[in-house]
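Notes to accompany the following structure.
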Amino acid sequence: MTELPSLLKLCDDSSPVVAEKVARRLRELGPSVWDEIGALEIELSDSQRAALEAIFAPSGDDALREAWRQLAGQRNEHRYLENALLCLADWQDGSGASARGRQLLDELATQFGDYDGKNAHSSDAGALAYFLFEVKGLSGASPDDSYNPLHSNLVYALESRRGLPITLACVFILVGRRVGLDIEGCAFPGHFLARDGRSEQIFDPFNGGRALSPREIATLAKVAPDEINGSASAREIVARVLRNLSVAYYQSGEDPKSGLMLSLLRQMDDN
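What follows is the structure in structure tokens.
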């Protein structure tokens, strides 16, 4: 790479045309230029280092794949669910979305504590459902917009107060964890629900967080008994989110993104 010193000098060139040509050539040489810089003992200026870091920064897709790989070792259910959903939000919205998401979840938990104390509720799942889906106004996305990929985005749901059933259920689960409640996912086919792990009461976050009646639960149990009576694990929830996203991106003609979601699903199967 005898051309490397000359290329590095051109990193400081003010011409956009020159900068693009230099960046293209450095990408062709690959990340091994860092090893060559060390071997040649080249002292980089701040601007040269910044240019190289920008050129070799991982793409959003690569960063998501790496974040997904690191998730594999996470054994805590709630942490896995939250981290996976926020990784997807960072990929969709750009870095910084995950920090906003955690802050919004924390704020909802704090606000519920204040609301619950003022209104003398019993700090149960029903009270939290009422707070999130009535007081704070989180609600289901319009059926006409159900294939919008953003409705699977946890941070978008928190900010817009709209989402798919599974996204709203995840808000319920993650805020519930913060206030000491055991909210579980209930993977009913076609319409994700949530269950209070203590009382076994089932809620419908998409429709105002209302509690299902015993008759409604019995009817659903005839259709899908295992799903209505079982609890969806964090990985099962995330897999369903990925499938939703894959379909949404396919419907919008974004085949590479649809394929990426399927590749993350396969990555989960391999771990």
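Using our numbering, the letters of the sequence shown correspond one by one to residues 765 to 1035.
Every residue, glycine too, gets a C-beta built ideally from N, C-alpha and C.
Where Glu948 is concerned, the enclosing beta strand (DSSP E) starts and stops at Ile947 to Cys950. Contact annotation: the segment 986 to 1004 touches the segment 943 to 953, with at least three C-beta pairs closer than 8 Å. The count of Cβ pairs closer than 8 Å, one atom from the segment 1007 to 1015 and one from the segment 967 to 976, stays below three, leaving the stretches out of contact.
Under the three-pair Cβ rule at 8 Å, the segment 788 to 802 counts as touching the segment 766 to 774.
Residue pairing from DSSP places Phe967 in a beta bridge opposite Ala958 and Ala975. Ranking Glu923, Ile981 and Gly940 by CA distance to the CA of Gly961 puts Gly940 first. Ser903 is bridged by DSSP to Arg926.
It is roughly 34 Å from the alpha-carbon of Ser916 to the alpha-carbon of Ala814.
Annotated three-state conformation of Ala848 is helix, per DSSP.
Relative to Leu816, the option among Asp888, Cys851, Val1005 and Asp799 whose CA is nearest is Asp799. When the alpha-carbon of Arg926 is set against those of Lys1021, Gly994 and Ser910, the nearest one is in Ser910.
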